[in-house]
Structures are given as structure tokens and as C-alpha cells.
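Novice: Which chain is which? The protein sequence lines are A and B, in order.
Going by our numbering, the first residue of the first sequence is number 5, and it counts up by one from there.
Going by our numbering, the first residue of the second sequence is number 5, and it counts up by one from there.
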Amino acid sequence: MKYFHLIWAALFRRKARTFFTLISILAAFLLFGMLDATRSAFDSGDSVIGVDRLITTSRYSIIQSLPVSLGEQMKAIPGVKDVGESNWFGGIYQDPKNFVLSFAVSDNYFDIYHEIQLAPEQRKAYENTRTGAIVGEALAKRFGWKIGDKIPLQSTIFPQRNGDKTWPFDIVGIYTAAPGAANGTDQQFFFHHKYFEDANAFRSIGTTVGWYNVRLNSANDADRVAKAIDALSANSDHETKTQTEQAFNASFAKQIGDIGLIVTAIMGAVFFTLILLTGNTMAQAVRERTNELAVLKTIGFSSHSVLYMVLAESVLLLVIGGVLGLGLAGVIVPIVAKGSGGMLNLPPVGTQTWLLGAVLMLVIGAIVGALPALRAMRLNIVDALAGR
Amino acid sequence: MKTFKKFLGGVLLLVIVVAFLVAWTAIPWQGVVLLAVVLAVWMVATRRGRQTWQVTRVGLSTVSQRIGSSSVVVVGIAGVVGVLVAMLAMSEGFAETLRASGNDHTAIVLRGGSQAELNSVLDRDSANVVVQAPGVKKGPQGRPIASGELVVVANLPRKGDPNSDSNVPIRGVSDDVWALRENVKIIEGRAFKPGLRELIVGKGAKGQFEGLDVGKSLRLAGQTWTIVGVFDSHDALDSELWGDTQSVASAYRRGSTVQSVTVLLDSPQAFDTFKASLAADPRLKVDVSTTQAYFSKQSEALTKTLRIVGITVGIIMAIGAVFGALNTMFAAIQARAREIATLRAIGFRGVPVVVSVMLETMLLALLGGVIGAGVVWLIFHNYTASTLGANFSQVVFQFQVGPALLWTGLKWALAIGFIGGLFPALRAARVPVTTALREL
């Protein structure tokens, strides 16, 4: 640390060059931040909160519903703690662009999804209101909804009995997502399965369910219970497929396309360019300073100190550029997410991204600095001073 | 006064750069070729031009000594162009596939407000009213040519990944579908027979999903279906499996309802009559569009997103690459400072020096652009991918790296080269000869 001012001075020896390099690094890390946010937006399956949950859907297709009798049978399987019912609603608010992730759910859904945190009095109000709806904090914020608001939601699939496609709801609760919940948890809209069946032109009460949410006593039982559930309906006309919540989410993400692969490819291209660029700058900087480094050695700096100083310089360069870039990404990502009108649901640049970014800065800094630093270490004082 | 002049110079430079970028985006390829020809004539015919050529030759001959830093320009720009072209190729491929799926002489009718077939339901009476509407072309027996269709979604594993689940669309179609969709050709096996549990599969679906070969059977809705043929339509329908409407409806217990009705129009002009008559009918509440409008609309959101993402990423990378190029070229003229100063001392003027540095940068940039676009073309041209479409099911499409995209990529490369070379070039021409000679 006592040489910090030396390193700093060396770094800004040529201001223009350092500035240009910094901007290149900044651009790379800005991209990294944005792409990592995109990637994690598609990666909602990583949350550890849902490890003790299974999802049972129709084996043939997600659009087919399951008989309601199955739920009771599932509850009887040892290891099953609770079984909830869900149905896709396909809601839109006012304009087809305003898609709302909305589900009709059974009342015990909020016990199964314990990361949905709702004040007890709001929960009570929900249970007592037939048309009650509970919405996520982020969703409420997006449309400016408050508790007590009456919200018409249009379903793209289900008309009401009277033929009207607009369903009235009363917002009775706004929940927050517990820390560590899957990305997008606070964007959802829940309402009573009973109300859904009651007013629906196609479904009548107590006949079918879109899919089941199963909570287990222990995550270790997942495989056994999944097999037992699927065995219940084997060879019937409503065979089921039960998988862990992670697997279910992951298969969804996969359907959209291999976003992860594309992102990795882009990042690969960016970082390859970056390493080349910065490496070249560092090599240049060291070449130019051959004389100075030789003087340093002459006045008593050891070869290793010179090595570390050059390495430190390159790491510092990467860290400054990287922090600025990620910081900028932190500012831009929410703007992009807002600008897309909820279509791109990007999480803010999180701790994970910062950690990964920091590791990348250090590693790339070290790689880039390695060659010039070695060169500096091996400098022969006499040759260097003679300009050979 | 001096600072003011400097400031004015800076503003002027900025204006030049912006003007260049605006003009550059607008100029067609003929214009660029013309520019290149003009430059070549200038270099051969005038004294200044010949001088420029001399200076450029010297510069280019020393590139091999600066291979490390020159490759920064090349690789940096190759990266920008590669990412940009790949993203645009994906967006273009998806849009093209859906665009090709529709035309202006067929129309599709859905329940009002449905947006996609999956969400739509039409009962038999409505469907009958629709096909009898004026504007629908009649077949030889005087029957309107129309197909009432159902789309359901089945889970099939992706090829090579038996545990994955993809939503594959299964379309129930009527006999008239062959007259309605003339581009659909059976390329293997035969067509399904009405009333039987037989399916034909699209070429794209067959390539992406497991177990869709002719002769194999498939379990759907608890029943066994046989695959009897493969069809090719060169559009989004290639992602689907087709069976007979009645069989699909009974398997999925849909009764006599359909989700959409596609009709053949007398002519593209007949669409307005057709639409107006359905809108005026009090028994119906339906959305009517030409298949062209319907499919194009489905590609809009994703295409737009991909374009925006591609261009945003491209711009950010381009900024990085511009500064990389600036660094490289400043270093290059630094290394050649004495040589350039000598040239100027013996009578070479500013213009040849400026132009030659620019030329060198742009040649490097062009090389980078060619490499980037070329690599993407090699890897991604006709690369098949699939994603979730409007029907909540997979749409198989191919990346399209066409000449227009390659040209866009090269244009970007040259623009980056222009900016990256301009400032160092001016610097080279401006440094007082005496200073430059003394410096080294």
C-alpha cells in the first residue's frame, strides 16, 4: 500500500490512453451487468425457498386440466404436507400490452408459498371477500394500485358466465416477497379459485384444476412422492407429470430459448476483446516505462516489488473500469426495465452480479498484467538503461 | 483567442463526426462503392493522392511490426460486428418465418379479443356463419373453401435432451387445408386420413423434437396416434403436428367447437367485404384479419425486443471498440511520429497524412468486420432454433444471415474505423514538425 501513489502515478502517466482503456473496460462491464441481469431474469429456478415443493401438471400438455378428485388422493400420500390448486387466468389490465401474471388459487396457496408475506389482517380480509385479490408489491407499484381499489382484469381465455370477459376484483392485500424468493415473485396477482369456478363460463365448481402445488415434509422425499403422485393416474386419460419447482421453472426458461447460452457467447466475445485490448495497453505502458522501471530497480526496488507494482497497476485499471461499468449498469438496468413496460422483467444488479464482476476484474487484471509484469521483473538494469 | 479557436475546432470536429454518422447510415451500398472509386481515382490521378498512397504504403508495411495493437482493432471490431449480426439474424429469421406463414388472400377469424388461437373458441354455429360470408371463395361443388382449426399443445422432449419438455402445437385441420395452404407439401410418407388417429409432422418440428419419424407412434391425451407423413411449408407451420380436426377435437373433448376458421378469399380485395359483413353480423363477436397481418403481428414483440437488445449491445460494444481503436492508432502514430514528421518536413502536406492514417484504420476495421460477419455467417446461417410463440407453443425458425445484414455489419465496422482513425490522424497532421522531430 505504501507504493500506492507510485502505482497511481504510473497508471495515469498517459492520461488519454488510460482514459480510453477505462472506457473500453467500462463498456465491457456495463454489458456484463446488463446481460447478467437478463440471464438471472430467465433463471428464476435458482431460488432455494421452493426446494420442498412439487408441481403436478398434466403429462400431455400444460393446457389440459386435472380432475379435482386427484387432490384428495395426493394428500393421502405419506410425505405430502399440503396440496394447493392453481389455475392460469391470462389476465390483462386495460391494454393487451399490460399483461398481468394472474392465477386463481386455493386458499392454502399462501401457506405453501410461504415466501409470499402478507399481513394477517389482509389475509383475513382476503378470505372474507369473494372477489378479493392479492397482488405483489412490484405489480401494485407498476399500475399504482392500492388496497381498496376495484380493478377490472380481462382474461384472454375465460369469459364469465354472462359472456363478459372483464372480471371485477377488489384489491384486499399487497404482499412482499421474502428475501431469497425467486425473481418475479412480487409481480403476481392471486385470487380465489372458488370465484374463478363460480363465475366461469367453462368451468364449474369442484371439477377441474389447472395444476397442483404440493408441499413436502422434507425435500429429500421429492423423488419418491413425485413417483407416487404420477402412479395415481398412470394409464388414465389424465396422466400427470410431477416435478420439483426448480425443474418446472427451468423447463419453462428453456422453452423461451437457450438465453443462457446466447448470453454466455456474447460475454465471451466481449471479454476476449477486453483482455486483448487491456493486455495490449499494459504491454505498451510497460514497454514505454522500461527506463523508469530500470531506475526503480537501480535505487533498490526488488524484482518482485516491480512485478507486484505492474500487476497492481493492471488490476487497479480493471477494478476502476469495472466498478464504474457495473455502477452504470445499476443505473441503466432499472431504466430499461421500466421503459419496456414490464415486458422485460429485469432484476436490479444484485450482490451476485457484483461478486462475479469483482472476481472477473481481479482475474482479468491479473491475466492481463502477468506478461508485462514478468517482463518488468526480468528487466536487466544495464540493458534497460542503455535502451537495448 | 487560441483556446477559443481550439474550442471551435473541437465543435467542428464533433459536427463532422455526427454528420458522417448520419450520412453513413443513410447511404446505400452503391454510394459507398462510388466513394471508394472516387478515392481510388483521386489517389491515382492527383499529386496529393499519389503522396497519400506513398504514405499509406509505408504505414501498411509496418503493420506487421505492430501486429499486437493492430489486432486489437481487428478483433474488437470483429466482436462488435459478430454480436450485432448474430442478434439481428435471429430477429430477422423469426420475423421472416412468421411473415412467410401468412398471405393476403386468406383470412383468419378468431373469437373477439383472443389475440392468439390458443385463447380462442368458436362454436359450430359461428363457424358456419363465418364460412358462408361474402368474399369467401367457393370450391368446385360450390362449397366455401375454409378450414375450421383447433390448436392444442403437447409436451414433447427436445432432441438429445429426453428430460426436457417443450410445448409442441398440434393442429387439427380440415380437408380444405391443402387448397388454403398451397405451399404445404408432403415430403415423406402420406397425408393423414380423416377420422383416424393419424398425424403428419412439420419438417422443423421433426428436426427439433424427439420421436417424430414416420411410422412412430405418439401418446396424446391418453390415446395412441401414428405419424404417417412429414410436410414442409417453409414457415411457422413447419413447427406443428397436423391431424384431422374431428379426431383432435374428440381426443381433447372439444365437442364441435373450433378455435379459428381460416378461409380462402375470392381475391385480396374481397377481404374488406368479408370483414365488414362479419362485423355487421349481430350473431358474431369475432376478430378478422388476413393471415399475413395475423402472423406478422405475432412476431412483432419478440422481433422488436431482439432488435433493441442487439443494437443496444452493439452500441455499447462499439463504444468500447472505438476507444480501443483510438488507443491503437494513437500508439501507432506515436511510434511513427518521427517518420511522419520527416515526411512533413520534406514537403508532404497534412491531407495525405490524415487520409493515410484514416485509410489504415478503416482497412483494419474492414478486415475486422469481414471476420466478424464471416464467422457469424459460417456458424449461424440457417442455424435452427425455437422459442415460445404466441400460441404458448414452440415456433421453429432459422437464423437468416442475409447480404443486407452482412452489409449492415460492414457499415458498422467502417463507421467505428472512421471515428477511431479520425482523431489520431488529425493529431498526426497537427503536431508541429519541430516538436515531433525533437520528441524521440
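All C-beta atoms in this analysis are idealised placements derived from N, C-alpha and C, irrespective of residue type, glycine included.
Owing to the predicted nature of the structure, the values given are computational and were not obtained by experimental measurement.
(1) In this structure, how does DSSP classify serine 309 of chain A when only helix, strand and coil are distinguished?
(2) With three or more C-beta pairs closer than 8 Å as the rule, is the segment 101-119 of chain A touching the segment 179-186 of chain A?
(3) Does the segment 186-196 of chain B come into contact with the segment 231-239 of chain B, if we say contact requires no fewer than three beta-carbon pairs (one atom in each stretch) closer than 8 Å?
(4) Is there contact here, the segment 5-23 of chain A with the segment 306-318 of chain B, by at least three beta-carbon pairs under 8 Å?
(5) In whole angstroms, give me the CA-to-CA distance for valine 363 of chain A and tryptophan 149 of chain A.
(6) Beta-carbon separation of glycine 324 of chain B and leucine 320 of chain A under 9 Å?
(7) Helix, strand or coil, according to DSSP, for aspartate 127 of chain B in the structure here?
(8) Do isoleucine 423 of chain B and valine 21 of chain B have their C-beta atoms closer together than 9 Å?
(9) Look at the alpha carbon of threonine 248 of chain A and the alpha carbon of glycine 233 of chain B, and state the distance between them as a whole number of angstroms.
(10) Assign aspartate 111 of chain A to one of three DSSP states: helix, strand, or coil.
(11) Between the Cα of isoleucine 368 of chain A and the Cα atoms of A/Lys258, A/Arg379, A/Val323, A/Ile303, which residue gives the shortest distance?
(12) Please report the straight-line C-alpha distance between alanine 93 of chain B and aspartate 180 of chain B, rounded to a whole angstrom.
(13) Would you mind sorting histidine 308 of chain A into buried or exposed? The rule is 16 or more other CB atoms within 10 Å of its CB.
(14) Straight-line CA distance for glycine 49 of chain A to glutamine 356 of chain A?
(15) Quick check on the DSSP output: the beta strand (DSSP E) that includes isoleucine 190 of chain B runs from which residue to which?
(16) Considering only residues of the segment 241-265 of chain B, which uninterrupted alpha helix (DSSP H) runs meet the minimum length of 4 residues and lie entirely inside it, listed in chain order?
(17) Judging by CA-CA distance, which residue of B/Gln402, B/Ala408, B/Met333 is the nearest neighbour of alanine 104 of chain B?
(18) Can you tell me whether DSSP reads isoleucine 320 of chain B as helix, strand or coil?
(19) Go ahead and label threonine 56 of chain B buried or exposed: buried means 16 or more other beta carbons lie within 10 angstroms of its beta carbon, across all protein chains shown.
(20) Should glycine 393 of chain B and glutamine 263 of chain B be called a contact, given that it needs their Cβ atoms to be closer than 9 Å?
(21) Can you list, in chain order, the residues of its chain with a C-beta nearer than 6 Å to that of phenylalanine 275 of chain A? Leave out the 5 residues immediately preceding and following it.
(22) For threonine 135 of chain A versus aspartate 86 of chain A, is the C-beta spacing smaller than 9 Å?
(23) If distances are taken between C-alpha atoms only, which option among B/Arg431, B/Val437, B/Arg442 comes closest to glycine 13 of chain B?
(24) In whole angstroms, give me the CA-to-CA distance for threonine 302 of chain A and threonine 282 of chain A.
(25) Quick one: Cα of isoleucine 420 of chain B to Cα of lysine 163 of chain B, how far?
(26) Spell out whether any CB of chain A is found under 9 Å from the CB atom of arginine 162 of chain B.
(27) Would you say leucine 368 of chain B and alanine 329 of chain B are within 9 Å of each other, going by their C-beta atoms?
(28) Only counting the same chain, and skipping five residues up and downstream in sequence, which positions put a Cβ closer than 6 Å to that of valine 252 of chain B?
(29) Counting only Cβ pairs nearer than 7 Å, list the residues of chain B close to serine 255 of chain A.
(30) Count the other CB atoms within 10 Å of the CB of valine 78 of chain B; is the residue buried (16 or more) or exposed (fewer)?
(31) Taking valine 79 of chain B as the query, report the chain A residues whose CB atoms sit under 8 Å from its CB, ordered along the chain.
(32) Determine whether the beta carbon atoms of leucine 220 of chain A and glycine 83 of chain A lie at a separation below 9 Å.
(33) Can you tell me which of the three DSSP states leucine 122 of chain A falls into?
(34) Along the chain, where does the alpha helix (DSSP H) containing glycine 425 of chain B start, and where does it finish?
(35) Applying the 10 Å Cβ sphere with the 16-neighbour rule, what's the burial state of proline 428 of chain B?
Specialist: So, from the listed chains and residues:
(1) The answer is helix: DSSP assigns serine 309 of chain A an H, G or I state.
(2) Yes, the segment 179-186 of chain A is in contact with the segment 101-119 of chain A.
(3) The count of Cβ pairs closer than 8 Å, one atom from the segment 186-196 of chain B and one from the segment 231-239 of chain B, reaches three, so the stretches are in contact.
(4) Inter-segment contact for the segment 5-23 of chain A and the segment 306-318 of chain B is absent: fewer than three beta-carbon pairs are separated by less than 8 Å.
(5) CA-CA distance, valine 363 of chain A to tryptophan 149 of chain A, rounds to 41 Å.
(6) Cβ distance not < 9 Å, so glycine 324 of chain B and leucine 320 of chain A don't count as in contact.
(7) coil
(8) yes
(9) 36 Å
(10) coil
(11) Put simply, of A/Lys258, A/Arg379, A/Val323, A/Ile303 the residue whose alpha carbon is nearest the alpha carbon of isoleucine 368 of chain A is A/Val323.
(12) 35 Å
(13) By the Cβ-count criterion, histidine 308 of chain A is exposed, with fewer than 16 other Cβ atoms from all chains shown falling within 10 Å of its own Cβ.
(14) Its pLDDT being 49, under 50, glycine 49 of chain A is placed unreliably by the model, and the measurement read from it follows with that caveat. Distance between the alpha carbons of glycine 49 of chain A and glutamine 356 of chain A: 15 Å.
(15) Residue range 189-193 is occupied by the beta strand (DSSP E) that includes isoleucine 190 of chain B.
(16) Runs of the alpha helix (DSSP H) inside the segment 241-265 of chain B: 249-255.
(17) Checking every option, the nearest Cα to that of alanine 104 of chain B belongs to B/Gln402.
(18) helix
(19) buried
(20) no
(21) Excluding the 5 residues flanking it on each side, phenylalanine 275 of chain A has no same chain C-beta neighbour closer than 6 Å.
(22) no
(23) B/Arg431
(24) 28 Å
(25) 41 Å
(26) yes
(27) yes
(28) Hits under 6 Å: Leu154, Gly176.
(29) Ser168, Asp169
(30) Buried, since its Cβ has 16 or more Cβ neighbours within 10 Å.
(31) Phe276, Thr277, Leu280
(32) yes
(33) coil
(34) 407-434
(35) buried
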